[in-house]
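This report refers to the structure that appears directly beneath it.
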Amino acid sequence: MTKLLIVEDNAFNRDMLGRRLQKRGFDLCYAETGEAALDVVPREMPDLILMDIGLGSGIDGLETTRRLKAVPQTAAIPVIALTAHALATDRERSLDAGCVDYDTKPVDLTRLLAKIEAAFKSTGTSKA
Amino acid sequence: MSNFDMQYLSVPLTETYQPELVLLSLTVIFFASFTALTLAGRIESSSGQTRMGWLLGAAIALGGGIWSMHFVAMLAFDMDMPVRYAPGLTVISFLVAIVVVAFGLLLVAFRPGEVYSLPVAGIIAGLGVSAMHYTGMAAMQMGATIQWDAKLVALSVLIGIAASAAALWLSFNSRTPGAKLGASALMTVAVAGMHYTGMAAASYIPAHGALAPTEGASSEILAVAVASASFVILFLALLAAMFDQTLAKRAQAEALRLRNMNEKLEGMVAERTIELLKAKHVAERASTAKTDFLASMSHELRTPLNAVIGYSEILMEEAEERDDGSARGDLEKIHTAGKHILALINDILDLSKIEAGKMDVAVERVQLKDLIDDSLTVCRRLLEDNNNHCTVEHRSRVTHLDTDATKLRQAVINLLGNAAKFTKNGEVSIETCSVRRDEADWIEIAVRDTGIGIAPEFQADIFEDFHRGDSNTARHHGGTGLGLALSRRLVRLLGGDITLVSASGKGAIFTIAVPAQIQNAVAS
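Just so you know, the sequences run in chain order E and H. Numbered according to the numbering used here, the first sequence spans residues 1213 to 1340. Numbered according to the numbering used here, the second sequence spans residues 7 to 530.
In structure tokens, the structure reads:
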């Protein structure tokens, strides 16, 4: 089963997105902060990470992504940035940090699923 | 014949002048001339009765002055014989002087443009002075007859005419105080010159057996008359001077008022400029603050909105699984409302960014066909919901654009979305074509529908913020009312524009025209 990691500080969003993705057959794991994500990823080794950029405390999603990309073990895991910011610069900053794609919240599930699929295709890491 | 008689018969009488009285006569005429010219100066700038008043005043001043001058000069004249003056002729001589001067002034002042008026006025004034003089002479009653030297008489008249003309010319051609003094001097020369030349023309031969005159006004009465005339002149002069002073004061006050007002205005302008600069600064800061506020607001609003939309979607899915139609309907309403708020937030954020000049244009190469296909994909659902048939026709010979594809796509999506929303069971078509304009390639993307159309009265405002044709349309079809405003701003940001062709009930064609290469357009 394809395993997704959701890095999201907001409990509502985490729960909601998780439930909907679970329904569609994904295996889910969660991290509330960037630091937690750095701890969880090597342990769980998800197939893809949905990374919230604006995390409440500690390092933000971009920094978390950069650190994951800097470690060979986790560098190949595709990261899709999710942000409530709708500024064009967020997209560039996300891609610069090593994200494979970018999406804005609220999540349009159909669109997000398409992006997840595309991410697997482009990186060839899909187990699905 | 006695010795006394012989003396009277053979020798003209000795004529002498009292110098101080001669000087007085000159002073009188100079003063009168100055007064008359001052008064005459007012004729031009006044009208109606006032004008006639000034003219009459000038005539009385000059005429009276001439008359006074004459008789003061006669008092200065001394011969060994008592002289009296016939009252009738004396008065006539006074009137003659005034009337003739008035006539001369009338001619010059009221017909200033005519060439002949000045010489004619000069002749009239000169003749007037002469007429007065010789009338005055005729008023003399004494035991002697006067013999005239014709040449000197003619000379006296000529002097009167020439000097009068010169004086009139000067007074009407220059308004400076110097010119007025000069004109007064010339007038003095005219009158006094005429008088004393005229006097020189006369020789007084004692009449045989003539008696000293007993009738007529004596020198004393004459003196009173002269004093009275001088008093009138003085009064007129005083009047003119007072008027001058009032005028000068008024002019000075007006000048002061204007200067004060000017200074005040300058002060106000400077003050206002500073205020405006301050206001501009405040406004600019406020604008930046507004954009920052909107950016953070949009973030803060999106997070809870995310939950509202997401959970309503989950519940909708679950309701569907349970086949619970009523719950699904209500959840759909929550979902739609949430989406609407989201659209509003997005549009407002975009608009404010454009207005704050914070919308960057990121140029990338994009295939026109891909851009249209992407837009259609986004709108596919909306088009199908209203059972619209959709066609695409690419006629553009230019296949790709170098522009901000995201912004252009957003504009196309907005137009397509509108077409889909306002058309039911109809046709929505997209046509692309390319045109040469100002030596550059332009792409035109026309979105055509067979929907409700836009009445002419709404077309002008349709691109304004929060404008949605008539309010019924707005209620019925929803939307933020910002889509077209935003689309036009986006397209203008790319150097192009959006135009509209429509009629009520006959569908609409919105056409986006943008330069294919954004740099070229910006450079030109």
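Beta carbons: idealized from backbone N, C-alpha and C, even for Gly.
Using a Cβ-Cβ cut-off of 9 Å, proline 1290/E does not count as an interface residue toward chain H, since no Cβ of chain H sits closer than that to its own.
In this structure threonine 1295/E is buried. Its beta-carbon is surrounded by 16 or more other beta-carbon atoms within 10 angstroms.
Contact annotation: in the stretch 1318-1336 of chain E, residues whose CB is within less than 8 Å of a CB in chain H are Pro1318, Val1319, Leu1321.
For arginine 495/H, no Cβ of chain E is located within less than 9 Å of the residue's own Cβ. Residue state for glutamine 147/H is assigned as strand, using DSSP reduced to three classes.
Using beta-carbon distances, phenylalanine 1238/E does not count as an interface residue toward chain H, since no partner is under 9 Å.
For alanine 313/H, the residues of chain E that pass the 7 Å Cβ criterion are Phe1224, Asn1225, Met1228, in the order they occur in the chain. Closer than 8 Å at the C-beta level to chain E, one finds no residue of the stretch 428-444 of chain H.
Taking the Cα positions, glycine 511/H is about 39 Å away from alanine 1326/E. For histidine 201/H, the number of other beta carbons within 10 angstroms of its own is at least 16, and it is reported as buried.
Identification of residues in the stretch 330-359 of chain H having a C-beta nearer than 9 Å to some C-beta of chain E yields Gly344, Lys345, Leu348, Ile351, Asn352, Leu355, Asp356, Lys359, given in sequence order. Only residues of its own chain outside the window of five on either side were considered, and among them Ala103, Ile104, Val107 have a CB closer than 6 Å to the CB of glycine 69/H, listed in chain order.
Residue pairing for glutamate 370/H: DSSP places it in a beta bridge opposite Thr409/H.
At a cut-off of 9 Å between beta carbons, histidine 406/H makes no contact with chain E. The beta carbon of threonine 309/H sits closer than 9 Å to some beta carbon of chain E. The C-beta distance from alanine 46/H to serine 136/H rounds to 21 Å, too long to fall under 8 Å, and the pair is not in contact. The residues Glu21, Tyr23, Met205, in chain order, have a CB closer than 7 Å to that of phenylalanine 83/H in the same chain once the five nearest residues on each side in sequence are set aside. By the 16-neighbour rule on beta-carbons within 10 angstroms, phenylalanine 237/H is exposed.
For glutamate 323/H, the nearest beta carbon of chain E is closer than 9 Å to its own beta carbon.
Proximity of arginine 1278/E to chain H, defined by a Cβ-Cβ separation below 9 Å, is not satisfied. According to the DSSP assignment, arginine 1226/E belongs to the alpha helix (DSSP H) that extends over 1223-1235. When C-alpha distances from glutamate 470/H are compared across Ala333/H, Leu337/H, Leu492/H, the shortest belongs to Leu492/H. Here alanine 144/H is actually not in contact with leucine 81/H; their C-beta atoms are around 17 Å apart, not less than 8 Å.
Scanning chain E for C-beta atoms nearer than 9 Å to the C-beta of isoleucine 320/H yields Met1228, Arg1231, Arg1232, Lys1235, reported in chain order. Counting C-beta pairs closer than 8 Å gives fewer than three between the stretch 426-433 of chain H and the stretch 347-365 of chain H, which falls short of the contact rule.
By the rule that beta-carbons nearer than 9 Å mark a contact, glycine 1273/E does not touch chain H. Counting of Cβ neighbours within 10 angstroms places phenylalanine 37/H among the buried residues, the total reaching 16 or more. Under DSSP, threonine 203/H forms no beta bridge with any residue. Under the three-state reduction of DSSP output, lysine 430/H falls in the coil class, being neither helix nor strand.
Nearest neighbour of glycine 142/H by Cα position, chosen from Ala185/H, Glu338/H, Ala92/H, Leu240/H, turns out to be Ala92/H. In this model, glycine 63/H and phenylalanine 100/H are separated by some 15 Å (Cα to Cα). In the same chain as alanine 207/H, and ignoring 5 residues on each side of it, the C-beta atoms closer than 7 Å to its own belong to Trp154, Asp155, Leu158, Val159, Ser162, in chain order. If you draw a straight line from the Cα of phenylalanine 1238/E to the Cα of alanine 1223/E, it comes to about 19 Å. Here isoleucine 515/H has Ala452, Arg454, Val507 as same chain residues with Cβ atoms under 6 Å from its own Cβ, once five neighbours each way along the sequence are excluded. Contact check for leucine 61/H against leucine 133/H fails: the beta carbons are separated by 9 Å or more.
Methionine 322/H is classed as buried because its beta carbon has at least 16 other beta carbons within 10 Å across all chains shown.
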